[in-house]
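Visitor: Please find one structure pasted underneath; my questions will follow.
2 protein chains.
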Amino acid sequence: MYFCNMGTKLVDGSISVDCWERLRAINDTKDILSGKWKVMIIACLASFGKKRYMELQRLLAGIGTKMLSKELQELEINGLITRTVMNTKPITVEYELTNYGHSLKPIIDEMALWGKSHRGKIIDEIAKKE
Amino acid sequence: MYFCNMGTKLVDGSISVDCWERLRAINDTKDILSGKWKVMIIACLASFGKKRYMELQRLLAGIGTKMLSKELQELEINGLITRTVMNTKPITVEYELTNYGHSLKPIIDEMALWGKSHRGKIIDEIAKKE
DNA sequence: CAGTATCCTAATGGATACTG
DNA sequence: CAGTATCCATTAGGATACTG
Chain A
1 MYFCNMGTKL
11 VDGSISVDCW
21 ERLRAINDTK
31 DILSGKWKVM
41 IIACLASFGK
51 KRYMELQRLL
61 AGIGTKMLSK
71 ELQELEINGL
81 ITRTVMNTKP
91 ITVEYELTNY
101 GHSLKPIIDE
111 MALWGKSHRG
121 KIIDEIAKKE
Chain B
1 MYFCNMGTKL
11 VDGSISVDCW
21 ERLRAINDTK
31 DILSGKWKVM
41 IIACLASFGK
51 KRYMELQRLL
61 AGIGTKMLSK
71 ELQELEINGL
81 ITRTVMNTKP
91 ITVEYELTNY
101 GHSLKPIIDE
111 MALWGKSHRG
121 KIIDEIAKKE
């Protein structure tokens, strides 16, 4: 019998410490990857390597400057990407995944895998209905 | 040169179809797992097996009835969990991961793994500063 | 017990204009 | 080019009361 604190509140739960730590870890990862664009930014940088601000904005069709800046800053704070101001005129800025950022690859890969098969499943189901 | 439609807008992007489909798949998965509690619900059902509504609410410290119902419904719609009304008085309801729900295990596992090591890294960094 | 319904707040995120 | 600042709309989500 242990106390389970998932975020803010305390709850008396009869789950093991191991299990609770696992759930907390999952939650931590979720928080790091929160926001509408973060996963996609990481995936883009993983696929395409170094990218400038503008290039990212073009890849992430629909993202505005505010969100792009915000999400990039949060990723940088968490050590997942680097921001390099280039010595050009006017200045350009390059964003790149850090090694630590690359450590998210297994998660992204699994998400890509599942998402692909999921879409296949949906399409199959639609086909059967017709 | 292909057109990249990530959600609603069209963008002229010079990325390959494969790459674009991969990004779309990642996005799809992200959508399915959206919301504050969905990942945690899945992880709980994966760890503990069948759970009743009340039990889930206790495990997910802090969740309210509205959110729990909503997230469970969305998971059910997507075929990730089953909802079984038991023949008791008063009625009880059991939620359980489907086989399809279990197919998310690799993602959850990778998230647990990364989150655990991430917390370790943060703790190390704090320790070094002191 | 397992929810719905309602109300309300906080947070998210988009559009636009502007700046070094 | 790479952002900030501002305003605004939408949504997510929490608290509470209520129902079969």
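Order-wise, the sequence lines are chains A and B. In terms of full-length UniProt numbering, the first sequence has 7 at position 7, counting the first letter as 1, and numbering is strictly consecutive. In terms of full-length UniProt numbering, the second sequence has 47 at position 47, counting the first letter as 1, and numbering is strictly consecutive. The beta carbon of each residue, even a glycine, is placed where N, CA and C say it ideally should be.
Since Leu104(B) meets chain A, which of its residues come closer than 7 angstroms, beta carbon to beta carbon?
Guide: The contacting residues are Trp114.
Visitor: Where do the N-terminal and C-terminal ends of the alpha helix (DSSP H) with Leu97(B) fall, by residue?
Guide: It is not in any alpha helix (DSSP H) - Leu97(B) instead sits in the beta strand (DSSP E) that spans Thr92 to Leu97.
Visitor: Could you check which residue in Asp124(A), Met40(A) and Gly49(A) has the C-alpha nearest to that of Met67(A)?
Guide: Nearest C-alpha to Met67(A): Met40(A).
Visitor: Taking 7 angstroms as the limit between beta carbons, can you name the residues of its chain near Arg52(B), skipping five residues before and five after?
Guide: So the list reads Thr92, Val93 and Glu94, once near-sequence residues are dropped.
Visitor: Cβ closer than 8 angstroms: which chain B residues qualify as neighbours of Met111(A)?
Guide: Near Met111(A) (Cβ distances below 8 angstroms), the residues of chain B are Ala25, Ile26, Thr29, Lys30 and Ile107.
Visitor: If you compare alpha carbons, which of Lys89(A), Glu130(A), Leu80(A) and Gly115(A) is closest to Met45(A)?
Guide: Residue 45(A) is actually Leu in this sequence, not Met. It is Leu80(A).
Visitor: Looking at His118(B): is its Cβ nearer than 8 angstroms to the Cβ of Asp28(A)?
Guide: Yes, they are a contact pair.
Visitor: Exposed or buried, what is Gly49(B) when buried is set at 16 or more other beta-carbons lying within 10 Å of its beta-carbon?
Guide: Exposed is the call here.
Visitor: Between the region 34 to 68 of chain A and chain B, which residues of the former have CB atoms less than 8 angstroms from a CB of the latter, in chain order?
Guide: Here the close residues are Val39, Met40, Ala43, Cys44, Ser47, Phe48, Arg58, Leu59, Leu60, Ala61 and Gly62.
Visitor: Are the Cβ atoms of Trp37(A) and Leu60(A) separated by less than 8 angstroms?
Guide: Cβ atoms of Trp37(A) and Leu60(A): closer than 8 angstroms.
Visitor: For Glu55(A) and Glu96(B), what's the separation of their Cα atoms in angstroms?
Guide: For Glu55(A) and Glu96(B), the distance between alpha carbons rounds to 44 angstroms.
Visitor: Measure the Cβ-Cβ separation of Ile26(A) and Ile108(A) and say whether it is below 8 angstroms.
Guide: Taking 8 angstroms as the Cβ cut-off, Ile26(A) and Ile108(A) do not qualify as a contacting pair.
Visitor: Does DSSP put Thr88(A) in a helix, a strand or coil?
Guide: Reduced to three states, the DSSP call for Thr88(A) is coil.
Visitor: In three-state terms, what does DSSP make of Lys51(A)?
Guide: Lys51(A) falls in the strand class under three-state DSSP.
Visitor: Our contact map puts Met111(A) next to Lys30(B) with C-beta atoms below 8 angstroms; I'd like the distance itself, whole angstroms only.
Guide: Sure, about 7 angstroms apart at Cβ, within 8 angstroms.
Visitor: Within this structure, are the beta carbons of Thr65(B) and Thr82(B) separated by less than 8 angstroms?
Guide: Not in contact: Thr65(B) and Thr82(B) (Cβ atoms no closer than 8 angstroms).
Visitor: Where does Ile81(A) fall in DSSP's three states?
Guide: Note: Ile81(A) maps to strand in three-state DSSP.
Visitor: Give the interface partners of Arg83(A) over in chain B, defined as CB-CB distance under 8 angstroms, in chain order.
Guide: Residues of chain B passing the Cβ test: none, with the nearest at roughly 19 angstroms.
Visitor: Which same chain residues end up closer than 8 angstroms to Gln57(A) when comparing Cβ atoms and leaving out the 5 residues on each side of it in sequence?
Guide: Cβ neighbours of Gln57(A) beyond the five flanking positions: Ile63, Thr65 and Leu68.
Visitor: What residues in its chain sit with their C-beta under 6 angstroms from that of Leu33(B), if we drop five residues either side in the sequence?
Guide: Closer than 6 angstroms at the Cβ level, and outside the excluded window around Leu33(B), lie Val39.
Visitor: Three-state secondary structure (DSSP) at Leu113(B)?
Guide: The answer is helix: DSSP assigns Leu113(B) an H, G or I state.
Visitor: Please work out which residues of its chain come closer than 6 angstroms, Cβ to Cβ, to Gly35(A), disregarding the five sequence neighbours upstream and downstream, and give them in chain order.
Guide: Closer than 6 angstroms at the Cβ level, and outside the excluded window around Gly35(A), lie Glu71.
Visitor: Going straight from the alpha carbon of Pro90(A) to that of Gln73(A), what length do you get?
Guide: Rounded to whole angstroms, Pro90(A) to Gln73(A) spans 21 angstroms at the Cα level.
Visitor: For Lys66(A), name the three-state secondary structure that DSSP assigns.
Guide: If DSSP states are grouped into helix, strand and coil, Lys66(A) belongs with the helices.
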